[in-house]
Structures are given as structure tokens and as C-alpha cells.
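Asks: Residue numbers (the numbering used here): 1 to 185. Even for Gly, the Cβ is constructed at its ideal location relative to N, Cα and C.
As C-alpha cells, then:
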């Protein structure tokens with residue numbers, strides 16, 4: 001009885017920890033980690049064709065300089081509440097949030113032969129959703145986006161104490177540069 005209770009308690013704790021940490025890790029990385037033995041090395045990186053989508057809020061700096069931090073965070077969270085489900089629905093993997101920006105990757109896990117179309121669809125949906133939200137909040141910045149497809153190394157980088165899931169390559173860099181030249185909206 002004691003062993004069964006301990007097993008049930010342990011299983012409950014594992015489910016609780018999974019639920020707590022799941023929002024902080026890309027689903028692709030979570031699947032890779034779950035699929036390896038506990039003593040296996042970290043998931044490896046692999047070269048693949050991907051599409052990178054960068055989105056950031058044009059005018060974020062002046063907006064944040066004239067508003068209290070709580071208002072800035074509330075604005076960001078309102079946008080992310082709309083944007084994250086759109087990226088997920090398109091099959092994208094959110095690599096990171098950086099202040100007012102997000103990097104989403106397509107075709108990083110599994111086969112998405114239509115990864116470029118998925119990213120373009122997500123970008124269109126992001127602009128529409130953010131535009132409708134900004135229309136109800138005068139003065140809020142709006143997104144500008146950059147999308148690019150190409151070869152990248154996708155996987156885990158870092159040190160033993162801290163690792164990150166990412167994509168490295170000119171395809172990602174070019175998407176970032178395209179985003180900076182994009183017009184708001």
C-alpha cells in the first residue's frame with residue numbers, strides 16, 4: 001500500500017511539473033527530450049529546410065518610454081494572447097520571445113512540406129488579429145514581420161548548465177533583416 005501511494009504521489013508530481021514547465025519549452029524540444037533515455041546526450045542538431053517568421057512591434061520603444069511598465073506588459077500579453085494560438089494553429093514552433101518580438105519556426109519537427117505557406121498564413125493572421133486589437137487601443141504599436149525560408153541547423157545549443165532550442169543559419173538572419181525593413185502592419 002505504501003509503495004502504491006508513493007508511486008501515485010510521484011506520478012502526480014511528474015504531471016504537475018510537466019504542466020508547470022510546458023509553457024516554457026517549445027513542443028518540438030519537449031518531444032525530443034521525452035524520447036530519449038535519461039542518460040543519453042542532449043538532443044542533437046540537424047540541418048533542415050525551415051521557414052523563419054520574425055514579428056515585432058514597430059514603435060514599441062517610444063510606446064514603452066511613455067507608459068508605466070505594467071501597461072506595457074499588459075499590452076504585450078494582450079498581443080501574445082492573440083499571436084501564440086495563431087502560430088500554434090499554423091504548426092509553428094515559437095523559438096523565443098524577445099521583448100516586443102517573437103521568432104517562430106516552421107518545419108523544425110516532422111514534415112511540413114508547406115512550411116513557407118504555413119508561415120505566410122500565420123503572418124497574415126497575426127497582422128489581422130493585431131490590427132483589430134490595435135484599433136481598440138489607440139496608440140498601441142502594430143506588428144511588422146519578416147519571413148524567409150532556407151537551410152538552418154535546428155536543435156539545441158548552449159552549455160551543460162543552460163541550453164536553448166534554436167535555429168541557426170542565414171535563413172533566420174535574413175528573416176530578421178526583412179522584418180526590420182517591413183512597414184508596420
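#1: If you reduce the DSSP assignment to three classes, tell me which class residue 144 lands in.
#2: What residues in its chain sit with their C-beta under 6 Å from that of residue 227, if we drop five residues either side in the sequence?
#3: Using the beta-carbon count (16 or more within 10 Å), is residue 162 buried or exposed?
#4: With distance defined between alpha-carbon atoms, name the residue in 133, 168, 12 and 11 nearest to residue 75.
#5: Can you tell me which of the three DSSP states residue 131 falls into?
#6: How should residue 166 be labelled, buried or exposed, when 16 other C-beta atoms within 10 angstroms of its C-beta is the threshold for buried?
#7: Quick check for students: name the residue ranges of the alpha helix (DSSP H) that lie wholly in the segment 34–112, counting only runs of 4 or more.
#8: Would you call the segment 48–64 and the segment 97–109 touching, i.e. three or more CB-CB distances under 8 Å?
#9: According to DSSP, what are the bridge partners of residue 166?
Replies: Reading off the structure:
#1: On the chain shown, position 144 is the one that residue 144 refers to. Strand at residue 144.
#2: Because the chain in this structure spans residues 1 to 185, residue 227 falls outside the shown range and cannot be described.
#3: As a position in the chain shown, residue 162 is number 162, starting the count at 1. Label assigned to residue 162: exposed.
#4: If you number the chain shown from 1, residue 75 lands on position 75. Residue 75 has its Cα closest to that of 133, out of 133, 168, 12 and 11.
#5: Here the question's residue 131 lines up with position 131 in the chain shown. Correct three-state label for residue 131: helix.
#6: Numbered from its first residue, the chain shown carries residue 166 at position 166. Its Cβ being crowded by 16 or more others within 10 Å, residue 166 is buried.
#7: 60–65 and 69–89
#8: yes
#9: In the chain shown, counting from the first residue as 1, residue 166 sits at position 166. Answer is 155.
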